[in-house]
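Offset between the sequence shown (1-based) and this note's numbering: plus 206.
For reference, the structure is listed below as structure tokens.
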Amino acid sequence: MKTTHTSLFVKNAWNTRNGGHSEECERRDYMLNEEQINALKKQLKTMKNELEAETEGSNRPEEIGELSQAANHPGDQGTELHEQAKNIALNNQSQQQLDDVQQALQAIEDGTYGHCAVCGESIPYERLEIIPETRLCITHAQAEADATEETRRPVEEDTMKGTLEEKDEKEEVIFDQADTWETVSEHGTSQTPSDDPDTEEEYSDEALDDPPNEKR
Numbered sequence: 207m208k209t210t211h212t213s214l215f216v217k218n219a220w221n222t223r224n225g226g227h228s229e230e231c232e233r234r235d236y237m238l239n240e241e242q243i244n245a246l247k248k249q250l251k252t253m254k255n256e257l258e259a260e261t262e263g264s265n266r267p268e269e270i271g272e273l274s275q276a277a278n279h280p281g282d283q284g285t286e287l288h289e290q291a292k293n294i295a296l297n298n299q300s301q302q303q304l305d306d307v308q309q310a311l312q313a314i315e316d317g318t319y320g321h322c323a324v325c326g327e328s329i330p331y332e333r334l335e336i337i338p339e340t341r342l343c344i345t346h347a348q349a350e351a352d353a354t355e356e357t358r359r360p361v362e363e364d365t366m367k368g369t370l371e372e373k374d375e376k377e378e379v380i381f382d383q384a385d386t387w388e389t390v391s392e393h394g395t396s397q398t399p400s401d402d403p404d405t406e407e408e409y410s411d412e413a414l415d416d417p418p419n420e421k422r
């Protein structure tokens, strides 16, 4: 069973989240009886057959109908690329689950099935009924999910400064179009009183009464 690396990864994530202290799960005894193990083994074998058929089917190329009569239409190429990416993602997920199922079946043969790979405590039968391929108790499964979510965040978030709330509190002033016009208009404009009748009083009477210079 390939659980050493995963166990260390989850355990480190758990210790980090709890301030560096190794906190054990609540100790309870969930020993599985023979009837429960046989029921779970049957469930795992059914899952194994379904997943093998699913992964085998997803590996076969699918024919995608033409969306346009034009040769090499961008719409056809985009649809084909989308379908291929979707199939790859689904196949990877199914393959990962199939590996977990095979490890669980091997654990049954080894007599280690039903115990957490991190703390070694027994996993409740109710949890195994829902996720028979699980190798972690609920506590360390949550720790693994939290650690995985942190590693999946885009690296660009590390360079982002502040949040929207912080920006609202600072209320940064932006030099917009209105501010630009106000600054430029201080040096004069080409407007005349006829362009805006409401501003005629802004022009001095002396300036209006002065006749233009006559050419001599």
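All C-beta atoms, glycine included, are put in the ideal place defined by N, C-alpha and C.
For clarity, every value in this text was computed on a predicted model and none was experimentally measured.
| Item | Value |
| --- | --- |
| Where Leu287 falls: helix, strand or coil (DSSP) | helix |
| DSSP-derived helix/strand/coil call for His321 | strand |
| Identified DSSP bridge partners for Ser328 | His321 |
| Reduced DSSP category for Leu334 - H, G, I as helix; E, B as strand; rest coil | helix |
| Leu296, buried or exposed, once every other Cβ within 10 Å from all chains shown has been counted against 16 | exposed |
| Close Cβ partners of Gln301 (< 7 Å) along its chain, the five nearest in sequence each way excluded | Thr261 |
| Exposure of Gly394, with buried meaning 16 or more beta-carbon neighbours within 10 Å | exposed |
| Gln242 vs Leu311 beta-carbon contact at 9 Å | no |
| 7 Å Cβ shell around Leu246 - same chain, five flanking residues per side excluded | Leu334, Pro338 |
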